[in-house]
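A.B. asks: Okay, here's the structure, questions in a sec.
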Amino acid sequence: MKLFLAFVMMMFAATAADAACMASASRNWAHYTIEASASGPDCKNAVLSLTVRADDDYVVWTHNYPAVQLMNFSDAHISGSKAMMPKLSAWISGEGFMKTADQLVVTGEFPFTPSSDLADGMFKDAQDGKAPLFCFIQGLESATCLAILSDSGVYELGVQNFPG
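Counting along the sequence shown from 1, when you hit position 133 you're at 1143 in our numbering, and nothing is skipped either side.
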């Protein structure tokens, strides 16, 4: 009987571990590292974390997002950690977005709204200096863009809206 109970408990633990969502991905962006991770009881209910680190491993920017509130994660049935890894890699790839701040347009079909937290002139300086961008899905109809400002580090430049 003890052997049977041990077997049942081992099978339950393996099933619970398979259901949990633990995945991560990273990539380089200039002299920073972008890290994405998912953690939760399952991937549908996971919290996605996005972190930007400097070369010395210092965190310069971080934010958490419920997976159900992000396009490409909310509707997708992600069956487990293995299936989540390519989704995280795609999320931080920057594919489909502008690469430098001079390409951002504040009017038109995909309007960009500069962050109200930026100091006066900072958005224009980012555009004039063609600051490198990292843009990523941050909701169901928008993306956030971070910029590297040469003398100041990484800043949240603003939000790119998608036509809805």
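Every residue gets a Cβ at the ideal spot worked out from N, C-alpha and C, and that includes glycine.
These figures come from a predicted structure and were not determined experimentally.
Is the beta carbon of N1038 closer than 8 Å to that of L1058?
C.D. replies: Residue mapping note: residue 1058 aligns to position 48 of the sequence shown, counting from 1. Residue mapping note: residue 1038 aligns to position 28 of the sequence shown, counting from 1. No. Outside cutoff.
A.B. asks: Helix, strand or coil for F1133, going by three-state DSSP, please let me know.
C.D. replies: Along the sequence shown, one-based indexing puts residue 1133 at 123. Three-state result, F1133: helix.
A.B. asks: So who's on the other strand from W1039, going by DSSP bridges?
C.D. replies: As a first step, residue 1039 is located in the sequence shown; it is residue number 29 there, counting from the start. W1039 is bridged to Y1042.
A.B. asks: Sort A1056, A1111, G1149, V1069 by Cα distance to H1087 and report the nearest one.
C.D. replies: Translated into positions along the sequence shown, residue 1087 becomes position 77. Among A1056, A1111, G1149, V1069, the Cα nearest to that of H1087 belongs to A1056.
A.B. asks: For S1084, count neighbouring C-beta atoms within 10 Å of its own C-beta (all shown protein chains included) and say buried if the count is 16 or more, exposed if not.
C.D. replies: On the sequence shown, residue 1084 is found 74 positions in, with the first residue counted as 1. It counts as exposed.
A.B. asks: Could you give the distance in angstroms between the alpha-carbon of L1159 and the alpha-carbon of P1142?
C.D. replies: Counted from its first residue, the sequence shown places residue 1159 at position 149. Counted from its first residue, the sequence shown places residue 1142 at position 132. Rounded to the nearest angstrom, the two C-alpha atoms are 8 Å apart.
A.B. asks: How many whole angstroms separate the CB atoms of M1094 and C1053, which I take to be in contact at a CB cut-off of 8 Å?
C.D. replies: By 1-based counting over the sequence shown, the position of residue 1094 is 84. By 1-based counting over the sequence shown, the position of residue 1053 is 43. The pair is a contact, with the Cβ atoms about 5 Å apart (cut-off 8 Å).
A.B. asks: If I follow the unbroken alpha helix (DSSP H) through A1157, where does it start and stop?
C.D. replies: Here residue 1157 refers to the residue found at position 147 of the sequence shown. From DSSP, A1157 is part of no alpha helix (DSSP H) but of the beta strand (DSSP E) over 1152-1159.
A.B. asks: Can you tell me where the alpha helix (DSSP H) with S1059 in it begins and where it stops?
C.D. replies: Position 49 of the sequence shown, counting from 1, holds the residue named residue 1059. Note, S1059: premise wrong, no alpha helix (DSSP H); beta strand (DSSP E) at 1057-1064.
A.B. asks: Note the first and the last residue of the continuous alpha helix (DSSP H) segment covering L1184.
C.D. replies: Lying before the first or after the last residue shown, residue 1184 is absent from the chain, which here runs from 1011 to 1174.
A.B. asks: In whole angstroms, what separates the C-alpha of M1081 from that of S1099?
C.D. replies: Reading the sequence shown from its first residue, position 71 is the one you call residue 1081. Reading the sequence shown from its first residue, position 89 is the one you call residue 1099. So the alpha carbons of these two residues sit roughly 14 Å apart.
A.B. asks: What does a CB cutoff of less than 8 Å around A1030 pick up in its chain, not counting 5 residues either side in sequence?
C.D. replies: Taking the first residue of the sequence shown as 1, we reach residue 1030 at position 20. Result list for A1030: G1050, P1051, D1052, S1091, in chain order.
A.B. asks: Tell me whether the beta-carbon of A1136 lies closer than 8 Å to the beta-carbon of L1167.
C.D. replies: Numbered from its first residue, the sequence shown carries residue 1136 at position 126. Numbered from its first residue, the sequence shown carries residue 1167 at position 157. The answer is yes: Cβ separation under 8 Å.
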